[in-house]
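Only one structure is covered here, and it is reproduced in the block below.
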Amino acid sequence: MLERIQETAAFLKGKMHTQPETAIILGTGLGSLANEITEKYEIAYQDIPYFPLSTVEGHSGKLIFGKLGQKDIMAMQGRFHYYEGYTMQQVTFPVRVMRELGIKTLFVSNAAGGMNPAFSIGDLMIITDHINFFPEHPLHGKNIPYGPRFPDMSEAYDRELIRKADKIAAEKGIGVQHGVYVGTQGPTFETPAEYRMYHILGGDAVGMSTVPEVIVANHCGIKVFGISVITDLGVEGKIVEVSHEEVQKAADAAQPKMTEIMRELINRA
-4 MLERIQETAA
6 FLKGKMHTQP
16 ETAIILGTGL
26 GSLANEITEK
36 YEIAYQDIPY
46 FPLSTVEGHS
56 GKLIFGKLGQ
66 KDIMAMQGRF
76 HYYEGYTMQQ
86 VTFPVRVMRE
96 LGIKTLFVSN
106 AAGGMNPAFS
116 IGDLMIITDH
126 INFFPEHPLH
136 GKNIPYGPRF
146 PDMSEAYDRE
156 LIRKADKIAA
166 EKGIGVQHGV
176 YVGTQGPTFE
186 TPAEYRMYHI
196 LGGDAVGMST
206 VPEVIVANHC
216 GIKVFGISVI
226 TDLGVEGKIV
236 EVSHEEVQKA
246 ADAAQPKMTE
256 IMRELINRA
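Take the sequence shown: its letter number 173 is residue 168 in our numbering, and every next letter is one higher.
Written out as structure tokens, the structure reads:
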């Protein structure tokens, strides 16, 4: 695994003419941020050794390098999900490559079902912690020497980045929620009983991504900031049938607010 990571990183270094320390996983709700990257150059996943390919509608498949404001960044346009049939090593492979490329801070976004009764569709939830319900752990197996065998997860989401994001949201008059993200394997949306269980266990929102990447980023010593757009509700009495298209529509409507917070946060981080 380590050899493959290093081989992929060497390939990318040969194509790169910038040295970003900031990476973004452009999940649901952040797609438009790609349009704001200047001086950009792109590399398709299919051209990168050992990179999986994203198979989900609405997820492109390329790495974008360039500037966001004054900051050199790299962005993943399209992530990989466990439910697509990939192993956890494949899902998190790009994060380990990021570590080899010198990335220090990772920003992630996702769509999630809200379970907190105070949430509404279209809300932005800054992730303060997570609960891992994936059946396979991304650090299972031989320890890759980027971090300790038993990494600390007491601050999986960087408190200082959360504080800065709150300040930016207040300055711009954007309301944000805070909460715990529950990561599940999917691809089904939750049953009413599952929503109820996850909320009882301490979850505020639930989705099918993010947690594996965040675990591996922490193992690699990369600071993380995460944000969810609440695209449907798993609150008793408010649960309705939901489709992928409706999730995308709700995420698209929230994009301007999420993009504004992320853009400013990346430049202040």
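Even for Gly, the Cβ is constructed at its ideal location relative to N, Cα and C.
Whole angstroms are fine: how far does the CA of residue j sit from the CA of residue i?
i: K10; j: G61; result: 13 Å
i: P15; j: T123; result: 25 Å
i: Q172; j: P112; result: 12 Å
i: P146; j: T23; result: 28 Å
i: P133; j: P207; result: 6 Å
i: Q180; j: G80; result: 10 Å
i: I256; j: D67; result: 17 Å
i: Y77; j: F128; result: 12 Å
i: T33; j: L63; result: 6 Å
i: G108; j: E240; result: 14 Å
For residue i, which of helix, strand or coil comes out of DSSP?
i: G80; result: coil
i: A70; result: strand
i: G108; result: strand
i: P251; result: helix
i: M148; result: coil
i: L48; result: coil
i: T13; result: coil
i: E131; result: coil
i: F114; result: coil
Just to check my reading of the structure: residue i and residue j have Cβ atoms closer than 8 Å, yes? What is that Cβ distance to the nearest angstrom?
i: A70; j: L101; result: With 8 Å as the limit, A70 and L101 do not qualify as a contact, their Cβ atoms being about 11 Å apart.
i: D199; j: G221; result: Actually they are not in contact, since the Cβ atoms of D199 and G221 sit about 13 Å apart, beyond 8 Å.
i: K99; j: K218; result: 7 Å
i: I43; j: D118; result: Actually they are not in contact, since the Cβ atoms of I43 and D118 sit about 35 Å apart, beyond 8 Å.
May I ask which residues mark the beginning and end of the alpha helix (DSSP H) holding residue i?
i: D161; result: R154 to K167
i: K137; result: From DSSP, K137 is part of no alpha helix (DSSP H); its letter is neither H nor E.
i: Y193; result: P187 to I195
i: F6; result: L(-3) to K10
i: H214; result: V206 to H214
Along the beta strand (DSSP E) that carries residue i, what are the first and last residues, could you check?
i: V219; result: K218 to L228
i: L119; result: L119 to N127
Using DSSP bridges, identify the partner residues of residue i.
i: F102; result: I19 and F220
i: Q172; result: M120
i: V177; result: I126 and V201
i: E37; result: I59
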